[in-house]
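Taking it in order: structure first as structure tokens, then the write-up.
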Amino acid sequence: MIEIWKRLVLPVLLAGFSLSALAAETHDRLLLRLQEGVDETAFLQRIGERFARDFVIQRRLGYTLVLNFTPALPRTGAADLAVQVDSLPEVMYAQLPGGRLQPQFVPNDALYPNQWHLFDTYGINAQEAWDRTRGSSSVVIAQVDTGILGHEDLDSGRVLPGYDFVSDPFMANDGDGMDADPTDPGDAVAQDECGNGNDAADSSWHGLLVAGIMLATADNTLGVVGVDHRARLLPVRAFGRCGGDFVDILTGMSWAAGLPVTDEADNPIPDNPNPADVINLSFAGSGSCDPVIQDIIDQIRARGVVLVAAAGNEGMPDMSSVLPANCTGVIAVAATTRTGDRAGYSNYGAEIEISAPGGEGFESILTLHNTGDITAEFDDYAAFNGTSMAAAQVSAAVALMRAVDGDVSPATVTSLLINSAQPFPGGSTCATTICGAGILDLDAALQQVAQSGSAAVDSGGGGCMLAGQDRHDLGLTLLLTLLLVGRLAGRRASNP
Ligand SMILES: [Ca+2]
Ligand SMILES: [Ca+2]
Ligand SMILES: [Ca+2]
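Sequence positions in the sequence shown follow mature numbering (1 follows the signal peptide of the UniProt record, and there is no 0) and run -23 to -1, 1 to 473.
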């Protein structure tokens, strides 16, 4: 019933509708049902005289009348009137209409109606969550990715300086190794250029599209809507042509968390002045989470940083060799479809904590993109499927949880996400044994954070330090977990 009401109300509610205006309002309506056989007209006349007001039938709901009375009364006076009317012998019941339903924040962005992952039945329930919070500018979401591009629908004021940790100049594609500029120069490759028989590929702009899912500008009439509307983005570049080197990735993750790091010649890199609350890891590679990797992850987590990783896109039923999702203390995210099934490409297994929409087929996840095939050209919007998309939503959910409670620990964040998840629908190809606790429910997660306080103790983190291993060349290359579905028509090159 309430659901139906909300759907009816939604289209006419405007963003920014003021709740405070409701508190001071007067009341002029009464819900009333008369005993059988009571003459309505005579009754209204009687109470009109008794309470010195005009009572008019405004609407009928079955036997229930909605009365309008003038002059209106402030809240207490109206409640008193209702009590007195209710006590009359002709009356079965009389009461003030219930409190108004909370207006849901409905963004006005042009493509929002296509962003089913935010509001659909098996979406993440973002619309209701945004009435709790739309985020906080003191929260930092780091992404370890291909870097970042400017975009008309990504507020540059929310993008922190970041850093570029791609040490190999060929992979970096920006003329050098590490540097302070995380701009994405493109990761297009020619056939066999990665030395493994790879196909030629256009630039992915993966960092931009993952960032768009997390924090594209909301309510600017333009384009799409991110999950978080106020957090700031820390772009940490560790991926380029042919993927990302895991030492570069671990360096970027460490720096994002505020740990001191040095460059490829052991020269100090300035500490990150904006340590992350959450680090999104929308990539996956093959390998076990050995003690060294686990220790670095423990150091990051001990600083209160939440790590969220994609399950990977191979459709494998075993997560034990999927890095970094297989590491302890990393929230591993599988991808679901619009109908709440496991997306066919999503890896799955006991290591998954939670699922989120990743799309499948043409029911995909809409976000920011760029028209450039090799180098960046014009702003664009495009739809993708992948566990990258799913992980990005969970990372942004963590940011919103930190907006509600800035001290909530990584362990508590994880358990609240799990406890609040929407169960998989009956008959789903996902189950709690293979896809985590359920589908991300942002509204329920925020509600639980608000109720939990920050008293819970983080049992994780602070793992043992390994001595004598100051260099550990893993020799791994990880790949981004994204499937391109298709670009939207209507490029926006002409927009200012
Ligand atoms: Ca560089
Ligand atoms: Ca650079
Ligand atoms: Ca927008």
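Even glycine gets a Cβ: it sits at the ideal position worked out from N, Cα and C.
Predicted, not measured: the structure shown is a model, and the values here were computed from it.
Considering only heavy atoms of ligand 3, does any lie closer than 7 Å to the CB of residue i?
{"i": "VAL201", "result": "yes"}
{"i": "ASN303", "result": "no"}
{"i": "ASP356", "result": "no"}
{"i": "ASN91", "result": "no"}
{"i": "THR194", "result": "yes"}
{"i": "ASN197", "result": "yes"}
{"i": "ASP205", "result": "no"}
{"i": "ASP130", "result": "yes"}
{"i": "ASP295", "result": "no"}
{"i": "ASP179", "result": "no"}
One question on the structure: do residue i and residue j come within less than 8 Å of each other, judged by their Cβ atoms?
{"i": "ILE411", "j": "GLY326", "result": "yes"}
{"i": "GLN120", "j": "GLY184", "result": "yes"}
{"i": "ALA193", "j": "GLY203", "result": "yes"}
{"i": "ALA368", "j": "ALA287", "result": "yes"}
{"i": "VAL285", "j": "VAL238", "result": "no"}
{"i": "ALA376", "j": "ALA208", "result": "yes"}
{"i": "LEU211", "j": "GLY134", "result": "no"}
{"i": "GLU340", "j": "THR314", "result": "yes"}
{"i": "ARG6", "j": "PRO74", "result": "yes"}
{"i": "THR364", "j": "GLY264", "result": "no"}
{"i": "ALA380", "j": "GLY112", "result": "yes"}
{"i": "VAL62", "j": "LEU9", "result": "yes"}
{"i": "CYS266", "j": "PRO301", "result": "yes"}
{"i": "ALA353", "j": "LEU126", "result": "yes"}
Tell me whether residue i counts as near ligand 1, meaning its Cβ is closer than 7 Å to at least one heavy atom of that ligand.
{"i": "VAL121", "result": "no"}
{"i": "VAL224", "result": "no"}
{"i": "ALA149", "result": "yes"}
{"i": "GLY154", "result": "yes"}
Which residues in the same chain as residue i place their Cβ atom closer than 7 Å to its Cβ, once the five residues preceding and following it in sequence are excluded?
{"i": "ALA178", "result": "ALA165 and VAL166"}
{"i": "PHE32", "result": "LEU21, ILE24, GLY25, LEU44 and PHE46"}
{"i": "HIS346", "result": "TRP182, LEU185, LEU186, ASP357, TYR358, ALA359 and ARG464"}
{"i": "GLU105", "result": "GLN81 and ASP420"}
{"i": "ASP132", "result": "THR194"}
{"i": "GLY235", "result": "ASP248, ASN249, PRO252 and ARG280"}
{"i": "SER426", "result": "The question names Ser, yet the displayed sequence has Val at residue 426. Excluding sequence neighbours, VAL426 sits near MET378, VAL381, ASP382, VAL385 and LEU393."}
{"i": "LEU88", "result": "GLY200, VAL201, LEU343 and TYR358"}
Would you please state the rounded distance, in angstroms, between the beta carbons of residue i and residue j? I believe it to be under 8 Å.
{"i": "VAL310", "j": "VAL371", "result": "5 Å"}
{"i": "THR160", "j": "GLY189", "result": "That belief does not hold up - the Cβ atoms of THR160 and GLY189 are roughly 16 Å apart, past 8 Å."}
{"i": "ALA253", "j": "ILE34", "result": "With a Cβ gap of about 59 Å, ALA253 and ILE34 do not count as contacting."}
{"i": "residue 489", "j": "VAL269", "result": "Nothing can be reported for residue 489: it is not among the residues displayed for the chain, which extend from -23 to 473."}
{"i": "MET366", "j": "GLY336", "result": "6 Å"}
{"i": "ASP141", "j": "ASP158", "result": "6 Å"}
List the endpoints of the continuous alpha helix (DSSP H) containing residue i.
{"i": "PRO146", "result": "146 to 149"}
{"i": "THR228", "result": "223 to 234"}
{"i": "THR160", "result": "Unbroken run through THR160: none, as it is neither H nor E."}
{"i": "ARG278", "result": "268 to 279"}
{"i": "VAL426", "result": "419 to 429"}
{"i": "MET191", "result": "183 to 192"}
{"i": "SER397", "result": "387 to 397"}
{"i": "ALA286", "result": "Careful: ALA286 lies outside any alpha helix (DSSP H), inside the beta strand (DSSP E) at 283 to 287."}
{"i": "ALA119", "result": "Element bounds for ALA119: not the alpha helix (DSSP H) but the beta strand (DSSP E), 117 to 122."}
{"i": "ALA103", "result": "103 to 106"}
Just to confirm the assignment, what range does the beta strand (DSSP E) spanning residue i have?
{"i": "GLY25", "result": "Not the beta strand (DSSP E): GLY25 falls in the alpha helix (DSSP H), residues 17 to 28."}
{"i": "ASN91", "result": "Taken as a continuous stretch (DSSP letters only), ASN91 belongs to no beta strand (DSSP E), as it is neither H nor E."}
{"i": "ASP5", "result": "4 to 11"}
{"i": "THR47", "result": "41 to 50"}
{"i": "ILE342", "result": "342 to 347"}
{"i": "ASN362", "result": "356 to 362"}
{"i": "THR313", "result": "307 to 313"}
{"i": "ALA71", "result": "68 to 72"}
{"i": "ALA261", "result": "260 to 263"}
{"i": "ILE34", "result": "31 to 38"}
Give me, in chain order, the residues of the same chain whose beta-carbon lies closer than 6 Å to that of residue i; leave out the 5 immediate sequence neighbours on both sides.
{"i": "GLY217", "result": "VAL143, MET148, ALA149, ASN150 and ASP164"}
{"i": "GLN399", "result": "GLY415, ILE416 and ASP418"}
{"i": "GLY221", "result": "ALA215 and LEU455"}
{"i": "HIS94", "result": "GLY100, PRO334 and ILE342"}
{"i": "GLN12", "result": "GLU67 and MET69"}
{"i": "PRO(-13)", "result": "At PRO(-13), the pLDDT of 27 sits below 50, so the modelled position is not reliable and the matter cannot be decided from this model."}
Which same chain residues end up closer than 8 Å to residue i when comparing Cβ atoms and leaving out the 5 residues on each side of it in sequence?
{"i": "ASP350", "result": "ALA165, ASP179 and SER180"}
{"i": "GLU330", "result": "ILE308, ALA309, VAL310, THR391, LEU394, ILE395, GLY413 and ALA414"}
{"i": "PRO146", "result": "GLY152, ASP153 and GLY154"}
{"i": "ASP176", "result": "GLN168"}
{"i": "PRO51", "result": "THR3 and HIS4"}
Using a threshold of 7 Å, is the CB atom of residue i nearer than that to any non-hydrogen atom of ligand 2?
{"i": "THR160", "result": "yes"}
{"i": "ASP272", "result": "no"}
{"i": "ASP141", "result": "yes"}
Examine ligand 5 and report whether any of its heavy atoms sits within less than 7 Å of the Cβ of residue i.
{"i": "ASP240", "result": "Among the ligands in the structure shown, ligand 5 does not appear; only ligand 1, ligand 2 and ligand 3 can be found there."}
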